[in-house]
Amino acid sequence: QVLYEQEGVFIHSSCGKNDDQDSLISGILRVIEKENEVMVDWRPLDDTLDTSNILCAGKDSSSVVEWTQTPKEKCSRGADRPSSYEAEWDMVTTVSFKKKPHSNGDATTHANGESKWSFLFSLTDLKSIKQNKEGMGWSYLVFCLKDDVNLPALHFHHGDSKLLIKCLEKHVVLTESPQDKRILLVNSQNKSLSQSFENLFDEPSYGLLQKLKKDPYTVTMGRFSKVTNYIFDSFRLSDPSSQRRPPSEMADFLSDAIPGLKINQQEEPGFEVITRIDLGKQPEVTRREPVSAEEWTKNMDAEGRILNVDYIKQSIFKGGLCHTLRKEAWKFLLGYFPWNSTKEERANLQKRKTDEYFRMKLQWKSVSEEQEKRNSRLRDYRSLIEKDVNRTDRTNKFYEGEDNPGLILLHDILMTYCMYDFDLGYVQGMSDLLSPVLYVMENEVDAFWCFVSYMDQMHQNFEEQMQGMKTQLIQLSTLLRLLDSGFCSYLESQDSGYLYFCFRWLLIRFKREFSFQDILRLWEVMWTELPCQNFHLLLCCAILESEKQQIMDKHYGFNEILKHINELSMKIDVEYILCKAEAISMQMLNCKELPQAVSEILGIEGSSVTPDSDNGEDESGAVLSCPKSVYQSISTPVTAANGTRDGTQQMSETQSLTPA
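Residues in the sequence shown are numbered consecutively from 1, following UniProt numbering.
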């Protein structure tokens, strides 16, 4: 990511034709952030564009300009690359100019005389910056590195150097030297904490809170989600001798920083006071084997229609899908393909959607650099996307390497989504939702439209006012209080009743809590929309209930709860949690005294029960009738909550099941 760029920055060398006359070498100065490292890069103008990488115009082949790469840049296509309609749009992918990669050496001298002055260094290697005297011609800067190497002076002919200094001050502390006010000393001691924790906090408490108020999503994803006892040290006052702020004050800081997320059911309009209700013992729940390709095919007619949608959904809920089936089944689960569509209808739909996608992609691909400079929103979207894509989980081979095609497609799909929904644009966290979808689809167009459908479900999570997140946290608090009021009271006593530690879970649907393969299973189960609405909130309840005993027995306080919940990442057993969440849903669905607020959260219709009286009956004496779990009738190879396997029984293919 380019943080600063300035043309007209010259080096005055002494290699001109006359010994008494400097040779002026014009260049571009940039400050670049890459892989959490900030670097300063200067290179001559002649060295900034590699002409062998320029993409040139070719013959028109599909009513829009086709762009082709020079032979040097052409790459072999995979054997499974589509060669029909979609291939006609391949040129959209290459409408751009590629800049030559930066060198990796410090003050590298090249054999080519034109670029021997190029240099690049990390801010961690910077010792001091020397400035020119006021009123002495062009402003200039001299960078001195920690090994006492002085780089050539940079003269700013087209503007002063103050903007560069302001940019650098965002990443290092600059102080005037007592001996010479023109020299700025670099002090990085205040940055050691952030470097130790992957730059989680890079400013004092006031700056962090300001960022929380301005952009809560970015801060939550990159910082708040990893709050620990150590990180809270960054909230100390400027006086080193001052005491750490108490946890209760820290809780107030965090709640004030995310306006509107305070949870108080007695003050929230329309909320009931949940009295203690006996939900009974949690039933034992088992899971079946994943739906196989053979089972899927047997449930289709000759034209490709799904015969028994309810059975398929319920089978996916109980066992998920085998991986080879996901590419097709996810399109139905996400709503890209209608469940009652034929194979021919789906092929026609894909053709229309391919055309629509590449026309949107062409919109941003054909924007020149000059145009983008005048479009701040598009520029900001691109910057955020590039930053997030570079942080994509590389543990999956699909996204390994810097120039991996998967990363390129991830970037292109997200940029195209900004054209599709320009008002929302890109918000950090969206790439987490897209990466598993693209991995499964292995196709740019299908991945885009599946992502669009997923974002239709998740849209409110990323809106500026955060109303969707506020609602979910309130709903989660309501469900957790019904499930275990004692645990809720304990959390409140530790200033954790706002459940902020669940924010990341809800924002990106547990993407960073489970392994890549486990999240595929979890998401496809949730997409069935069974056994009730907001099943993801019951998953939160299941995780919290599993950790309740340790949190309470060890008397965890505010800091310890945050640290413990964060450290659960990648340690949660997905099958166990799915079993436990389903068991909780059965408890609630079978409860005859379910509070009205809970009934509405779970989407249970026809309930007139209110918890006005101690016995849980409403004034009219009406009793809520809740359906039994329909999944008990599916008895195929199963996994119990403890991970053991049960026996197998056959189910009639024609058996019709009614969804809850």
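Backbone N, C-alpha and C define an ideal beta-carbon position, used for all residues, glycine too. Note that this is a predicted model, so its numbers are computed, not measured.
### Message
Can you tell me whether Asn36 is buried or exposed? The criterion is at least 16 other CB atoms within 10 Å of its CB, across all chains shown.
### Response
exposed
### Query
Can you tell me whether DSSP reads Ser23 as helix, strand or coil?
strand
### Query
Skipping 5 residues on each side, what residues in its chain have a beta carbon closer than 8 angstroms to that of Glu463?
Leu424
### Closest by C-alpha distance to residue 661, when choosing among Leu473, Thr528 and Glu442
The displayed coordinates of the chain run from 1 to 660. Any statement about residue 661 would go beyond what the structure contains.
### Query
Taking the Cβ atom as the reference point for each residue, do Gly8 and His158 lie within a distance shorter than 7 angstroms?
yes
### Backbone CA spacing between Leu325 and Phe451 [nearest angstrom]
18 angstroms
### Task
Report the three-state DSSP secondary structure of Val598 (helix, strand or coil).
helix
#### Entry: Nearest to Val525 (by Cα), restricted to the options Glu575, Leu120, Ser435 and Phe156
Distance from the Cα of Val525 is smallest, within the candidate group Glu575, Leu120, Ser435 and Phe156, for Glu575.
### Query
DSSP on Gly8, reduced to helix/strand/coil?
strand
### Task
Starting from Lys127, trace the beta strand (DSSP E) both ways and give me its first and last residue.
Counting along the chain, the unbroken beta strand (DSSP E) around Lys127 starts and ends at Leu126 to Gln131.
### Task
Go through its chain and collect everything with a Cβ distance to Cys167's Cβ below 7 angstroms, but skip five positions before and after it.
Leu3, Tyr4 and Val31
### Message
Only counting the same chain, and skipping five residues up and downstream in sequence, which positions put a Cβ closer than 6 angstroms to that of Trp449?
### Response
Tyr336 and Lys353
### Message
Quick check on Met466: does DSSP put it in helix, strand or coil?
### Response
coil
### Task
With Asn559 as the anchor, note down where its beta strand (DSSP E) starts and where it stops.
Counted as a single uninterrupted DSSP element, the stretch harbouring Asn559 is not any beta strand (DSSP E) but the alpha helix (DSSP H) occupying residues Phe558 to Asn566.
### Query
Between which two residues does the alpha helix (DSSP H) carrying Glu344 extend?
Lys343 to Lys365
### Task
Would you be able to state if there are at least three C-beta pairs under 8 angstroms between the region 559 to 579 and the region 508 to 521?
yes
### Message
Considering just the uninterrupted stretch of the beta strand (DSSP E) at Ser122, what are its terminal residues?
### Response
Phe119 to Ser122
### Chain-order list of residues whose beta-carbon lies under 6 angstroms from that of Ser585 (same chain, five-residue window excluded)
Pro531, Cys532 and Leu538
### Task
Could you tell me which of Met441, Arg377 and Asn132 sits nearest to residue 690, measuring between CA atoms?
Residue 690 lies beyond the stretch modelled for the chain, which goes from 1 to 660, so this question has no answer here.
### Message
Measuring only the C-alpha atoms, how far is Phe10 from Glu386?
### Response
Within the model, the alpha-carbon separation for Phe10 versus Glu386 is close to 29 angstroms.
#### Entry: Segments assigned beta strand (DSSP E), at least 3 residues, entirely inside the region 309 to 340
none
### Query
What whole-angstrom Cβ distance do Leu384 and Leu410 have, given they're in contact under 8 angstroms?
Between Leu410 and Leu384 the Cβ distance is about 13 angstroms, and since that is not below 8 angstroms, they are no contact.
### Task
Select from Gln549, Glu600 and Ser177 the residue whose C-alpha is nearest the C-alpha of Asn534.
Glu600
### Query
Starting from Trp42 and walking both ways along the beta strand (DSSP E), at which residues does that stretch end?
Glu37 to Pro44
### Message
So, at 8 angstroms on beta carbons, what are the nonlocal neighbours of Met570 in its own chain, with the 5 sequence-adjacent residues on each side left out?
### Response
If we look at Met570 and ignore the five residues flanking it on each side, its Cβ neighbours are Glu513, Phe514 and Ser515.
### Task
Just the C-alpha distance for His171 and Thr124, rounded to the nearest angstrom, thanks.
10 angstroms
#### Entry: Limits of the beta strand (DSSP E) - the one that Ile183 falls within
Ile183 to Asn187
### N- and C-terminal bounds of the beta strand (DSSP E) containing Glu176
Val173 to Glu176
### Message
With distance defined between alpha-carbon atoms, name the residue in Ala347, His323, Ile312 and Lys351 nearest to Leu333.
### Response
Ile312
### Query
Which residue's Cα is closest to the Cα of Ser122: Ser496, Val186 and Gln549?
Val186
### Task
For Met419, collect the residues of the same chain with a Cβ closer than 7 angstroms to its Cβ; drop the 5 residues on either side in sequence, then sort them by chain order.
Met360, Gln363 and Trp364
### Residue nearest to Pro152 in terms of C-alpha spacing, selected from Ala581, Leu163, Pro44 and Lys554
Selected option, being the one with the closest Cα: Pro44.
### Query
Out of Asp278, Ile508, Phe501 and Ile604, which has the shortest C-alpha to C-alpha gap to Leu568?
Phe501
### Query
Whose C-beta lies closer than 6 angstroms to the C-beta of Gln6 among residues of the same chain, with five residues either side of it excluded?
The beta carbon of Gln6 is closer than 6 angstroms to those of Leu29 in its chain, skipping five residues each way along the sequence.
#### Entry: Cβ pair Ile413, Ala447 closer than 7 angstroms
yes
### Meets three-Cβ-pair contact criterion under 8 angstroms: the region 548 to 556 and the region 486 to 494
A contact exists between the region 548 to 556 and the region 486 to 494.
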